[in-house]
Amino acid sequence: MGVNLPIMHESLAVIKRQTIDVVFHAMNAVSEQQEFTSDHHLNMQIPGIKERFIEQQDECFNTLIKPASPTRHNLFAPIKRTMHDLALVEYEDLNFQLLRRKFSDKIYDVLGADLALATLRFEELLGHELELDDMPLSPVKLSKSLQSAIKPIEVDAEKKEAFFRHTLTCFAKNYRQCVNQANNTFIEKGILTDLNDSDGRAYYMRKQKQFMSKNKRNELMASISEETLLDEKGKFVDTKMDDLLNTIDIPQQEHQHIVEAAPLAPAANQQQLLHAISELQGNLSQSNADGYLSPKNHLSLAKQLENETSLKDYGLNKSDSNSIGMMSMLFDNLLNNAHIASPIKALLEQLQAPLLRSALLDKNFFADTGNPAQALVDTITEQGAGWSADKDPSKDFLYKKMADIVATVNNDFDDSYDVFDDALNDFSQFNKSHQARVTKLEKRIVSAEKSKARFNRAKDTAREHNQKAFSDYVLGDEMTDFFDQHWQLVLFYIHNKYDNQNNKEWRKAINTENLLKLNLAGSDKADKRKTVAALQKMMLDTGQQKIDVNAGLQKIIPFIKHTSRVSEQADNTKIATSDTGKSTVRALHEAARSVAAQITAPSAMEAAPAVNARRNKAVDSAPEQPIEEQTQALEPEQLKQLQEQLTVGSWLAESTGDSTEKVKVAAYIKHTDTFILIRRNGSKFGSFNSSQMSHRLMQKTLILLESSMMFDRALESVIQSIRAA
């Protein structure tokens, strides 16, 4: 979507103000603690702390608005990062960093999915992607801003650290409020209103996997060094890649990945080595009869270098030999993956030479998780997961684009990472434009499914709240009808709008409800006129027609003060009856049954604009898969494992007879326990609950296709082979 600047600036201003208010509330609470109230010098500096924090937040939010420029990598970036990590850190800064890390871990453990929802909405508002830690509401950003604001104050180090620690602790208690306010502000502005907690969890899990992958790679690389070093926590210490490549040994059983040096051959210098690889670049895959590329070589990368280039006339040092061996093993793993289609393998085969050149020029290649050359491999394999050959290859624009990008990399690679950066940016822009129609259709289907689930969730919440809130009162027909036909619609409207109860409109409704309860209880503090006015305003504000509102209120006004509490009727607490002889329990059950019909009144449907005929038609017109026999419901732990396995974006192969179709997990809707599966063209494949999905996976009628972080998976397999030897 195009970025709406007025909405963007207005939304960011509101969220920034809300965030600052919550932080200041925590800071004020800490300054009033006994430990700090006596320190007048500290209290005098609190206004300065607040001013600096506002400046930090201004900078964080202003940085978001700047258009993201393409990231450029260079061969020395990993070395620069290593040197930066080795820089000395002051003792005070180290303590602050430890406190920040502890604070961030705690927040992400509890609110990771909620923060992910906010991140998705920030991305939609700004029109570009964000990392979780780059979002202004992230615990990393906020704790850094707070540290920068507190660090300059002139008090002793212990008092400064204590104030920082207590403020973080107090802020953590109100962090949910901060995130909820932001998400509700986005909803009020119409930014991704149909997101739900399942979307947040899926996004957060993807980010967590990427983060864990980086840590795991460091550990794996260190684990194959001859001298394994551990820190005080038992974690692997990073090993210098130069040392690592000179000490590891490619196992003998992997001899096909070792370039055998000719006897007494002269040592190859880097120029000769790179020239040999260039010879290999000219020997690319060719199109087959159906117009797609097919893999040409069945030899390993190492044996291709040995047999088809001038490298056989030279010897290699151990570092270069190991780099070639690891790259050869890595591509062997990718090219033998049964889940990758043959034409996609042909593209990967063409990337062998440029990736090997990168690895020989950049000794940190295998340790660098942010490497754009590796990212290109991941991008092609991930796009290839849902790909299948088209009947007319000339119209298969996705494959043609991938083939063009690979050809450009081979032709333009000049021993810098710029060509990979350009390729990734080019492919990203292509996907945004070319896949727009498919994405739009997919979003429409998913949005309709979410809207139906949201509608039902709001309906259930409104009904359950009414049952609980007024179960302590004997309700006559008039009051029962009012709750069924009017008040329940108020609660439904609000919950359906925000998809939660953590918003100011819901709190306003509960306050109005409490006024009504005072009247029902015959309290001296009850104000009948004020109560009726508050009820009328809430009903009108939530979309009910004025004539219906007034008619409903006229019926209950005579009974507001004549309603007694169940607890006040002696010896009648088990079956409390009204003047009409209707029991409270029976009245509530009737309310539950009637809400299904009442909730579909025009005013209620107007409150849920996402559920409309056009969207329902899009869903209903999609061919549904036959529902299988119900299998036993999954245990909570089984369901959690299934959700971790089938994250949004996962690709599956569905087998029916002799045919196989690739489908994607487009959404998981928690409230209805429904996985929505979409075809490559954006049409709906089907909806299945968790037990059905688990059954299909066990029966192998659905097979999960590995697609994300394929370079990491292949490298992990290579390292395990080396370590096992």
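All residue numbers for the sequence shown refer to the numbering used here, where the first residue is 1088 and numbers rise by one. For each residue, glycine too, the CB sits at the ideal point set by N, CA and C. Since we're looking at a predicted model, the values are computed, not measured.
One thing to note: L1792 has its Cβ within 8 Å of the Cβ of L1739.
Here E1529 is buried, its C-beta having at least 16 other C-beta atoms within 10 Å.
Going by DSSP, I1643 is part of the alpha helix (DSSP H) stretching over 1633 to 1643. With contacts defined by Cβ atoms closer than 8 Å, L1435 and I1411 do not form a contacting pair.
The shortest CA-to-CA distance from E1146 to any of A1289, L1233, D1502, A1811 is the one to L1233. Straight through space, the alpha carbons of R1594 and L1607 are spaced by roughly 20 Å. Put simply, the backbone Cα of I1094 is about 11 Å away from that of E1275. Using a Cβ distance threshold of 8 Å, L1224 and A1289 do not count as a contacting pair. The alpha-carbon separation between R1616 and L1603 amounts to approximately 11 Å. Counting only residues of its own chain and dropping the five nearest sequence neighbours on each side, I1492 has a CB closer than 7 Å to the CB of A1510, D1513, F1514.
Comparing C-alpha distances from L1367 to each of L1438, S1408, L1463 shows the shortest one belongs to L1438. Exclusion of the five residues before and after H1253 leaves V1117 as the residues of its chain whose Cβ lies within less than 6 Å of its Cβ. When the alpha-carbon of I1141 is set against those of V1110, Q1297, Q1120, A1620, the nearest one is in V1110. Its Cα nearest to that of T1396, the residue Q1359 stands out among S1429, K1383, Q1359. Under the 10 Å beta carbon count, A1389 is surrounded by 16 or more other beta carbons and is classified as buried. Residue pairing of K1771 in beta bridges, as defined by DSSP: I1765.
Annotation: W1593 is outside any beta strand (DSSP E); the continuous alpha helix (DSSP H) that includes it extends over 1591 to 1607. Burial check for R1550: the Cβ neighbour count within 10 Å reaches 16 or more, so the residue is buried. If you keep only unbroken alpha helix (DSSP H) runs of at least 4 residues inside the region 1430 to 1514, you get 1439 to 1448, 1459 to 1472, 1484 to 1499.
Taking the Cα positions, S1778 is about 6 Å away from L1721. Each residue's CA atom was taken as its position, placing S1387 and S1481 some 31 Å apart. Assigned with DSSP and collapsed to three states, K1787 falls in coil, not helix or strand. I1431 counts as buried, since at least 16 other C-beta atoms from the protein chains shown sit within 10 angstroms of its C-beta. Beta-bridge annotation (DSSP): K1749 is paired with A1740. Unbroken beta strand (DSSP E) stretches of 3 residues or longer found wholly inside the region 1528 to 1585: none.
Each of M1785, K1537, I1634, M1625 was checked against the Cα of S1774, and the nearest Cα belongs to K1537. Of the residues L1204, S1408, A1494, the one whose Cα lies closest to the Cα of V1506 is A1494. Within a 10 Å sphere around the beta-carbon of D1192 sit fewer than 16 other beta-carbons, which makes this residue exposed.
Residue environment: G1471 is assigned as buried (16 or more neighbouring CB atoms within 10 Å of its CB, all protein chains considered).
Taking a cut-off of 8 Å on C-beta distances, the region 1239 to 1253 touches the region 1127 to 1143, as three or more cross pairs fall below it. In this structure, DSSP gives Y1401 a state outside helix and strand, which the three-state scheme calls coil. A contact is defined here as three or more CB-CB pairs under 8 Å, and the region 1560 to 1573 fails this definition with respect to the region 1245 to 1263.
Taken through DSSP and simplified to helix, strand or coil, L1792 comes out as strand.
By the neighbour-count definition (other C-beta atoms within 10 Å, threshold 16), P1353 is an exposed residue.
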